[in-house]
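Residue numbers (our numbering): 20 to 477.
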């Protein structure tokens, strides 16, 4: 029975055309899993278009081609778009794919993400407001409990989604598209100047350009999307380097337009500044750690800087704010019981220790970003691992190796331990926990890098 024109119009309004973009590059272990998940999405097939934006140059290209052909044979509306180059990396692939999109809305998922079947049905209603340009959803993780390293990553990322994104969005400040698990209004992307590849965080860059054009963003924390966390230190460092450098690049590119904007409140401008410059915390931590010993040494000899040391306890109070910040997040995502009450201090201190230890690596990234030094977009390898019984040693993408920076981190670890000892001698007891934590974090990074690297090199 044919639908009346009125019913047909209502259906078109209820189910607008959506394009799903899947940017992938050498994802042998997860590309089929991704496509299987996309195939299960609950949405009218005549209102959906899927683009597999494939820059791969290994056997994953053939695996993807076979799966796409299988889906097409069943009438699924999917296209396999292959490029002969990686111009613009992920941003370039998304921009090229956008040229042939049919959808009014563009959903984007990285290769390791597994959207639930009602993802589109849950997110599309937010676009009833024609000013909404993006709906970002929350991340959850398939391998959160794979190791201490993956759990600590989720510990930090959960705080970003549970508190940072929620608070900024509730207060009508700028938030950011997290690069995946979000859906854009196509007109918003075009109005903001389309995808641009002059930063390593094209998602953050486009987010700010769009919101400066007065598009409204929505953070839908009630909608969750599973993903995979890096399981090796090298993979984590690559990801952190890209995020830190990209944030610095975006700060240099977008801070001035933010402050020149007449549509942003003063509070929003300050919040945007803190947001864009958040990676600058790493050079600050590194400078404090490096200067602690010489400052205490000069103080012992000349009794200089007494004023700084008298007010320093005031700044140590900030640890209470950080503790509260992560405690709220942790107990919102975990059960409140005796075991977790005991474990939280361990997780909190371990997270701080490793985060501070990454300050050397990430400070280099920030410097490169501010100095406009170009570098390749290095993907984060995925392994499709859910528990510790699954090993990554035979994974072809697990190319663990050490560098000069690995040894620099070890030297710094011993320097900071020496600084802690000197602080004890100079009665600077307040600096000892900070120096001890960053030292043990650096030793952990060295150990976690060297032992897998030795195995692979052998």
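Every residue, glycine too, gets a C-beta built ideally from N, C-alpha and C. In this text, all values refer to a predicted model and were calculated from it rather than measured experimentally.
Straight-line gap, residue 171 to residue 50 (C-alpha atoms, nearest Å): Between residue 171 and residue 50, the alpha-carbon positions lie close to 26 Å from each other.
DSSP three-state label for residue 280, please. Collapsing the DSSP output to three states places residue 280 in coil.
Buried or exposed (CB count within 10 angstroms, at least 16 for buried), residue 311: The residue is buried, with at least 16 neighbouring Cβ atoms inside 10 Å.
Three-pair Cβ contact test at 8 Å for the segment 305–319 versus the segment 271–287: Segments in contact, no.
Could you say which of 391, 179 and 313 lies nearest to residue 218 if we only look at CA atoms? Here the closest residue by C-alpha is 391.
Proximity below 9 Å, CB of residue 380 to CB of residue 256: In this structure, the beta-carbon distance from residue 380 to residue 256 falls below 9 Å.
Among residues of its own chain, excluding the 5 on either side of residue 235, which ones have a beta-carbon nearer than 6 Å to its beta-carbon? Closer than 6 Å at the Cβ level, and outside the excluded window around residue 235, lie 150 and 151.
Closest to residue 388 by CA distance: which of 323, 317, 269 and 293 is it? Closest option to residue 388, Cα to Cα, is 269.
Contact belief for residue 67 with residue 39 at Cβ below 8 Å, rounded distance in angstroms: Going by Cβ atoms, the distance from residue 67 to residue 39 rounds to 7 Å, so yes, they are a contact pair.
Drop a sphere of 10 angstroms on the beta-carbon of residue 110, count the other beta-carbons inside from all chains shown, and report buried for 16 or more, exposed for fewer. Flag for residue 110 reads buried.
Who are the near neighbours of residue 351 in its chain, counting only those whose CB is closer than 7 Å to its CB and skipping five residues on each side? The answer, listed in chain order, is 181.
Buried versus exposed, by CB contacts within 10 Å (16 or more), residue 461: It counts as buried.
Exposure label - residue 132; buried when at least 16 CB within 10 Å: So residue 132 ends up on the buried side.
Identify the continuous alpha helix (DSSP H) that holds residue 478 and give its terminal residues. It is not possible to answer for residue 478, since the shown part of the chain is limited to 20 through 477.
Buried or exposed: where does residue 364 fall if 16 or more other Cβ atoms within 10 Å of its Cβ makes it buried? A residue is called buried once 16 or more other Cβ atoms fall within 10 Å of its Cβ, and residue 364, having fewer, is exposed.
Would residue 147 pass as an interface residue toward chain C - the criterion being a Cβ-Cβ separation below 9 Å? Reference to chain C is not applicable here, since this structure consists of a single protein chain.
Coil, strand or helix - residue 177 by DSSP: Helix, per DSSP.
Which residues DSSP lists as bridging residue 237, in chain order: According to DSSP, residue 237 bridges with 154.
To which residues of the same chain is residue 366 closer than 8 Å at the C-beta, ignoring the five residues directly before and after it? Contacts found: 170, 171, 174 and 349.
What separation, rounded to the nearest whole angstrom, lies between the Cα atoms of residue 29 and residue 201? Residue placement at residue 29 is poorly supported in this model, since its pLDDT is 44, which falls under 50; the coordinates are not used for a value here.
Contact between the segment 187–194 and the segment 243–255 is defined here as three or more beta-carbon pairs at a separation below 8 Å; is this criterion met? No, they do not touch.
For residue 295, which residues of its own chain have a beta-carbon under 7 Å away from its beta-carbon, when the five flanking residues on both sides are left out? Here the set comprises 266, 269, 270, 273 and 274.
In terms of DSSP beta bridges, what is residue 386 paired with? Beta-bridge partners of residue 386 (DSSP): none assigned.
Give the C-beta separation of residue 212 and residue 228 to the nearest angstrom, bearing in mind that I take them to be a contact with Cβ-Cβ under 8 Å. Right, the Cβ-Cβ distance comes to about 6 Å (below 8 Å), so this counts as a contact.
Please classify residue 293: does DSSP put it in a helix, a strand, or coil? In the three-state DSSP reduction, residue 293 falls in the helix class (H, G or I).
Where residue 322 and residue 448 are concerned, what is the direct C-alpha to C-alpha distance, given to the nearest angstrom? Distance between residue 322 and residue 448, taken at the CA atoms: about 17 Å.
Buried/exposed call for residue 354, threshold 16 Cβ in 10 Å: Under this definition residue 354 is an exposed residue.
Suppose you measure from the CA of residue 46 to the CA of residue 92; what does that come to, to the nearest Å? The C-alpha of residue 46 lies about 23 Å from the C-alpha of residue 92.
Is the separation between the beta-carbon of residue 87 and that of residue 72 shorter than 9 Å? Result no, Cβ atoms of residue 87 and residue 72 do not sit closer than 9 Å.
Let me know the alpha helix (DSSP H) ranges lying completely inside the segment 28–106, each 4 residues or longer, listed in chain order. 50–58 and 79–92, all fully within the segment 28–106.
From what residue to what residue does the beta strand (DSSP E) around residue 392 run? Here residue 392 belongs to no beta strand (DSSP E), and DSSP marks it neither H nor E.
Outcome for residue 20 when other beta-carbon atoms lying within 10 angstroms are tallied against a minimum of 16: Caution applies to residue 20, whose pLDDT of 41 falls short of 50 and renders its modelled position unreliable; the model cannot decide the point.
Would you identify the three-state DSSP class for residue 22, choosing helix, strand or coil? For residue 22, the predicted model reports a pLDDT of 45, less than 50, meaning its position is unreliable; a value from the coordinates is still stated below. In the structure shown, residue 22 sits in coil (DSSP, three-state: anything other than H, G, I, E or B).
Go ahead and pull the three-state DSSP assignment for residue 370. Residue state, collapsed to three classes: helix.
For residue 203, count neighbouring C-beta atoms within 10 Å of its own C-beta (all shown protein chains included) and say buried if the count is 16 or more, exposed if not. The residue in question, residue 203, is buried, as its Cβ has 16 or more Cβ neighbours within 10 Å.
Nearest to residue 35 (by Cα), restricted to the options 78, 231, 139 and 320: The alpha carbon of residue 35 has as its nearest neighbour, out of 78, 231, 139 and 320, the alpha carbon of 139.
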